[in-house]
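Peer 1: Going down the list, the sequences are from chains A and B.
Residue 181 is where the first sequence starts when you use our numbering, and the numbers rise one by one after that.
Residue 678 is where the second sequence starts when you use our numbering, and the numbers rise one by one after that.
Could you have a look at this structure, given as structure tokens, before my questions?
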Amino acid sequence: MRSGDRETIAKRVLAISQADETEVLVASSDTSLTRFTRNGIHQNVAARDVAVSVRAIAGKRTGVAATNRVDESSLRDVAERALAMARLAPEDPDFVALPKGEAAAPPPGSYSEATASASPALRATMTDTIFRIAEADGLWSAGYCSTGVSGYTIASSAGTLASFDGTEAGINVKMNGADSTGFAECYVNDVAGLDAHAIGAKAAAIARETAQPRAVEPGSWTVILEPAAFGELLSYLADHFSARAFDEGSSFYSGKLGETLLGSNVTIVDDYAQPLAPSSPYDYEGQRKERVTLIEQGVARDIVTDSYWAHKLQRRNTGHALPAPNSYGPQALNLLVMPGSKSTGELIASTQRGLLVTRFWYIRTVDQKHAIVTGMTRDGTFLIENGTIAGGVRNMRFNQSILGALRACEFSRDLRRTGGYSYSCVVPSAKIENFTFTSATEF
Amino acid sequence: MAFDSIAARTLDTALARGAHYADVRFETARTERIEVRNGVVSTLADSTSTGYGVRALVDGAWGFAASSDLSERGVDATAARAVEIARAGAAIARIRVGFAPDRAYVDVFATPVVRDPQRIALGDRVALLLAAEKALRISPEIAVGRAWLDLWRSEKIFFSTIGSKIAQTIVQTGSGLEAMAVGEGDVQTRSFPGDIGLYKSGGWEIVEEARLIENAPRIGEEALALLRAPQCPSGTFDVILGGSQVSLQIHESCGHPAELDRVMGWEANFSGTSFLETSQLGKLKYGSDIVTIVVDNTLPGGMASCGYDDEGTKSVVSDIIRDGMLTGYEMSNDTARTIGRASNACVRAQSWEFVPMIRMCNLNLLPGDVPFDNLFDDVRDGIYMESNRSWSIDDRRLNFQFGCEIAWEIKNGKRGRMLKNPTYGGMTPAFWNSCDAIGDAASWVAWGTPNCGKGEPMQTGRTTQAASPARFRNVAVGVGYHA
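Next up, the structure:
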């Protein structure tokens, strides 16, 4: 379903609604994913849906109802349910009014017809390419190839009418050997940008080169985090930039705008239009997203807001609302870390003794206020000795403050998009001093 | 809505397009979420979603397609899409991975419900949460109070080309509280019940069982006290874990590694594999002799309780660990065949638009014979921990590190002062083999987990790990806690 059909549905709900104010979110999706293991496809899926969510306002009371039926009776029912809930809700003194959005153009490259119309045969061909690489190297592959199109329309009684359609394609591969594994990934908007052979070959090379891994002692290490590892680590900072966490005091940022909190080489922005990951120019209230500089040369500069938190904190609305109802507050969903000047190879060459980490696994927050997290290395960890790769090592557990890491780091000049569908950010490789590993595992 | 004719059309289309077997699962899911945050109803939402998913088997390869379009044209297109997807996979297949089920059922199942939540006025539901959340905020240092309620109802009907027709109504309910205290450079959180609330299958009686209002002041006080409590020490201690933390320990270090799809590498690139191998059945001493863990989707109140799984297999009770020995896996029809067994009905999908896959069932640690207070008796120097705060385990489920919200030291068999930021870690088999006491049936609770993630596209599963508090000897405590 494209934007014209969604807008028709949204306008119909607005016409039906008897609420003081009404906001309608119509989301459509058609996504496919081919998943494989042991050089064969084992889950091969596709799903189409359209969902209508109505935020009804009665004075300062809010109710939200949703349905995925779009006939007249269902639209009338969902509008009535939303209003009925609103009338039963207590007043929220900080609610003012639904915002009015302004038109914004989608960033170049956010939509690809080739991705939207990709066939299961195309995905099978790409996975077969990966299988052949694995078989040639005596490995087995596991991963997925995905393609999909999704879009949403937000319309409100305040005059907002915003629509966006975007496409996503991705390949994520883990190559498995007798005692080692390797990982590679690529996420793009245009499926033509997926090079299955290059991705499979990279994962296979990591698995080969980390074979017969040795055990090294946990402790304080210099690490070079490849983008997949650094991006996942960074994603655990995202909530700290939210106006909600800032106001409630759980963020390391709280009360510290203008202070130097990280290294002077660290600049972090939220940018929906970054060319490696172009996405919607609108948030889920139909507001134009701002490019927000969160950290500038180590200094805490800004937070992200939506209409509710902008009013509550008397700040501007940066356009970072999530779909209603939203107890999480506004979120920075498009983090970008500005690159450094060296290549990843040069970062390795400058390391006397350290570890090159391909990927992390199961990162969880240990201490929210200090942004301490724990997690494991996974799928390709290399020992660096005298500036060169010296083979693979067994996986280890880390416990590390992200803030401490970003006070003693250096970035590569090459940016990569990482995270797939679970989160998305654009980051360089990061060299970090005194990264703390606390235990080891058996593989 | 009667689905018989549209189901027949769907399955006929799949067969006509070349499927050797097909099934279709129609589902309407209704969810209601109410959340109160600092005196404001931040979420008051009611959602319904209706659709269906078609599985088609072609030359040993599965295809799955889902849609919300229930028109004749819609089901024709969706069935054809499932077959097209299966055929694309079959064209490059090296091995056959899919097999049709061999037994059909015609049956009806419904979750036993004492009080239908929809008969509780919405205003009363909101009022309960407002009162409970208000009772949490005993001090300005409680920066955030939260109270929430989830009501879930799923009506689904499954048809297959071998003649199954299974209608099920699953009702699940959950509620909980959380207080976040903010001090100088410190944030401490207490939750109740457990760390995510009390989630069970059933109706409003589950909310009443949680006793939110009665417990809220204590939870607020504990959050405040944690700001002033000393740091949990580091070292090797005997540890007693509260029941909800034992539930989490089962979930992460038994439930996931015992999923046979992980053992076979089906989750290798994402949620990981397992340290278990099929050759270890009957040979691996997973835990001490008192550790027995069973799959039981017939458990009253279990979040995974149902009559049949989403492949149409009837729910059973089966052993995973018996007297400490590994004896079984959580299995699907496909994976069970690879080890010469029959499925134990562990296949579910999040909802109609997702492919059914092995999901953790009600996986329960059977109770021991020690009253809760007696677990402390012969602990000379130990730590008692409650309510999970963080959880991490390696991708073969061996090296784990978990943190809890609150702890108390144990000295000479007595619970002492409160400690903050407790963590512990270890390796899975060694940890379970260090278990030397399990609480009795009086302390056994069906702890539900409503948010288990697995699969790509990722699916959220609802499961229960019923458990009592338990005691573990010589555990590494305080691992990793430094700023």
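Where a beta carbon is used, it is the ideal one built from N, C-alpha and C, also for glycine.
Note that this is a predicted model, so its numbers are computed, not measured.
Check the DSSP bridge columns for B/Asn-1041 and list the partner residues they point to.
Peer 2: Partner(s): B/Val-971.
Peer 1: Can you say whether B/Arg-939 is buried or exposed, counting buried as having 16 or more other CB atoms within 10 angstroms of its CB?
Peer 2: It is buried - the Cβ of B/Arg-939 has at least 16 other Cβ atoms within 10 Å.
Peer 1: With the cut-off set at 9 Å, would you say A/Thr-333 and B/Ser-726 are in Cβ contact?
Peer 2: No, these two residues do not count as a Cβ contact at 9 Å.
Peer 1: Whose C-beta lies closer than 8 Å to the C-beta of A/Ala-385 among residues of the same chain, with five residues either side of it excluded?
Peer 2: Answer for A/Ala-385: Gly-362, listed in chain order.
Peer 1: Examine the Cβ distances between the segment 822 to 834 of chain B and the segment 761 to 775 of chain B and report whether three or more of them are shorter than 8 Å.
Peer 2: Too few Cβ pairs lie closer than 8 Å, so no.
Peer 1: Please go through the same chain and pick out, in chain order, the residues whose beta-carbon is closer than 6 Å to the beta-carbon of A/Ser-350, but skip the five residues on each side of it.
Peer 2: Per the sequence presented here, residue 350 of chain A reads as Gly, with Ser not at that position. The residues are Ser-326, Tyr-367 and Gly-600.
Peer 1: Counting only Cβ pairs nearer than 8 Å, list the residues of chain B close to A/Met-265.
Peer 2: The answer, in chain order, is Leu-721, Ala-722, Asp-723 and Leu-799.
Peer 1: Out of B/Asp-1058, B/Trp-1068, B/Leu-1040 and B/Pro-1044, state which residue places its alpha-carbon closest to the alpha-carbon of A/Thr-545.
Peer 2: Checked all of B/Asp-1058, B/Trp-1068, B/Leu-1040 and B/Pro-1044; the closest Cα to A/Thr-545 is B/Trp-1068.
Peer 1: Hey, is the segment 862 to 871 of chain B in contact with the segment 709 to 727 of chain B, meaning 3+ C-beta pairs nearer than 8 Å?
Peer 2: The segment 862 to 871 of chain B vs the segment 709 to 727 of chain B: no contact.
Peer 1: Taking just the CA atoms, how far does A/Glu-201 sit from A/Ala-277?
Peer 2: Looking at the two C-alpha atoms, the distance is approximately 8 Å.
Peer 1: So A/Ala-529 and A/Gly-560 are supposed to be a Cβ contact under 8 Å. How far apart are they, rounded?
Peer 2: Actually they do not touch by this definition, with Cβ atoms about 19 Å apart.
Peer 1: Please name the residue or residues paired with A/Asn-579 in a DSSP beta bridge.
Peer 2: DSSP output for A/Asn-579 lists A/Thr-554 as bridge partner(s).
Peer 1: Would you check if the distance between the CB atom of B/Ala-856 and the CB atom of B/Ala-900 is smaller than 9 Å?
Peer 2: Yes, the Cβ-Cβ distance between B/Ala-856 and B/Ala-900 is below 9 Å.
Peer 1: Is there a C-beta anywhere in chain A that falls below 9 Å from the one on B/Glu-749?
Peer 2: By this cut-off, B/Glu-749 is not an interface position.
Peer 1: What are the start and end residues of the beta strand (DSSP E) that includes B/Gly-912?
Peer 2: 912 to 918 is the extent of the beta strand (DSSP E) around B/Gly-912.
Peer 1: Closest by CA to B/Gly-737, which one among B/Gly-862, B/Ala-1119, B/Leu-937 and B/Ile-772?
Peer 2: That would be B/Ile-772, whose Cα lies nearest to the Cα of B/Gly-737.
Peer 1: Determine, for B/Ala-1160, whether the minimum Cβ-Cβ distance to residues of chain A falls below 9 Å.
Peer 2: Residue confidence for B/Ala-1160 is low, a pLDDT of 39 falling below 50, so the modelled location carries little weight; the figure read from the coordinates is stated next. So, interface residue.
Peer 1: Mind listing which residues of the segment 1089 to 1102 of chain B have their C-beta closer than 9 Å to chain A's C-betas, in chain order?
Peer 2: Going along the segment 1089 to 1102 of chain B in chain order, one finds Asn-1098, Thr-1100 and Gly-1102 with a Cβ nearer than 9 Å to chain A.
Peer 1: Excluding the 5 residues flanking A/Arg-424 on each side, which residues of the same chain have their C-beta closer than 8 Å to its C-beta?
Peer 2: Cβ neighbours of A/Arg-424 beyond the five flanking positions: Trp-489, Tyr-508, Gly-509 and Pro-510.
Peer 1: Please classify B/Pro-1048: does DSSP put it in a helix, a strand, or coil?
Peer 2: Three-state result, B/Pro-1048: coil.
Peer 1: With a threshold of 7 Å on Cβ separation, who are the neighbours of A/Phe-617 within its own chain once the five nearest residues in sequence on each side are excluded?
Peer 2: The answer, listed in chain order, is Pro-398, Gly-399, Trp-401, Met-576, Arg-577 and Phe-578.
Peer 1: Helix, strand or coil, according to DSSP, for A/Arg-495 in the structure here?
Peer 2: In the structure shown, A/Arg-495 sits in coil (DSSP, three-state: anything other than H, G, I, E or B).
Peer 1: Does DSSP put A/Leu-595 in a helix, a strand or coil?
Peer 2: Coil at A/Leu-595, not helix or strand.
Peer 1: Looking only at its own chain, which residues have a Cβ that is under 7 Å from the Cβ of A/Thr-309, when we skip the five neighbours before and after it?
Peer 2: Answer for A/Thr-309: Ala-376, His-377 and Gly-380, listed in chain order.
Peer 1: If we define contact as Cβ-Cβ less than 9 Å, is B/Arg-796 a contact residue for chain A?
Peer 2: No - not a single Cβ of chain A is within 9 Å of the one on B/Arg-796.
Peer 1: Given A/Gln-477, which residues of its chain have a CB within under 8 Å of its CB, disregarding the five upstream and five downstream residues?
Peer 2: Taken in chain order, the residues that qualify are Ser-444, Asn-445, Val-446 and Thr-447.
Peer 1: Would you kindly work out how many angstroms separate the C-alpha atoms of A/Val-606 and B/Arg-796, rounded to a whole number?
Peer 2: Distance between the alpha carbons of A/Val-606 and B/Arg-796 is about 49 Å.
Peer 1: Within 9 Å of any Cβ in chain A, is that where the Cβ of B/Asp-1120 sits?
Peer 2: Reading off the sequence shown, one finds Ser at residue 1120 of chain B, where the question assumed Asp. By this cut-off, B/Ser-1120 is not an interface position.
Peer 1: Pairs of beta-carbons, one from the segment 699 to 710 of chain B and one from the segment 831 to 839 of chain B, closer than 8 Å: are there three or more?
Peer 2: With the cut-off at 8 Å, the segment 699 to 710 of chain B and the segment 831 to 839 of chain B touch.
Peer 1: Run through chain A and tell me which residues come within less than 9 Å of B/Met-618, C-beta to C-beta.
Peer 2: Because chain B spans 678 through 1160 in this model, residue 618 of chain B falls outside it and cannot be assessed.
Peer 1: Could you pull the DSSP bridge partners for A/Lys-354 from this structure?
Peer 2: DSSP lists A/Ala-322 and A/Phe-363 as partners of A/Lys-354.
Peer 1: Grab me the residues of B/Asp-793's own chain with a C-beta within less than 6 Å of its C-beta, minus the 5 sequence neighbours each way, in chain order.
Peer 2: Counting only Cβ-Cβ distances below 6 Å, and skipping sequence neighbours, we find Gly-880.
Peer 1: Mapping DSSP to helix, strand and coil, what is A/Thr-217?
Peer 2: The answer is strand: DSSP assigns A/Thr-217 an E or B state.
Peer 1: I need the straight-line Cα distance from A/Arg-495 to A/Asp-427, nearest angstrom please.
Peer 2: A/Arg-495 and A/Asp-427: Cα-Cα distance of roughly 12 Å.
Peer 1: List the DSSP bridge partners of B/Gly-699.
Peer 2: What sits at residue 699 of chain B in the sequence shown is Ala, not Gly. Answer by DSSP bridge pairing, in chain order: B/Ala-733.
Peer 1: From A/Met-556 to A/Ala-283, what does the alpha carbon distance come to, in whole angstroms?
Peer 2: If you take the alpha carbons of A/Met-556 and A/Ala-283, they lie about 44 Å apart.
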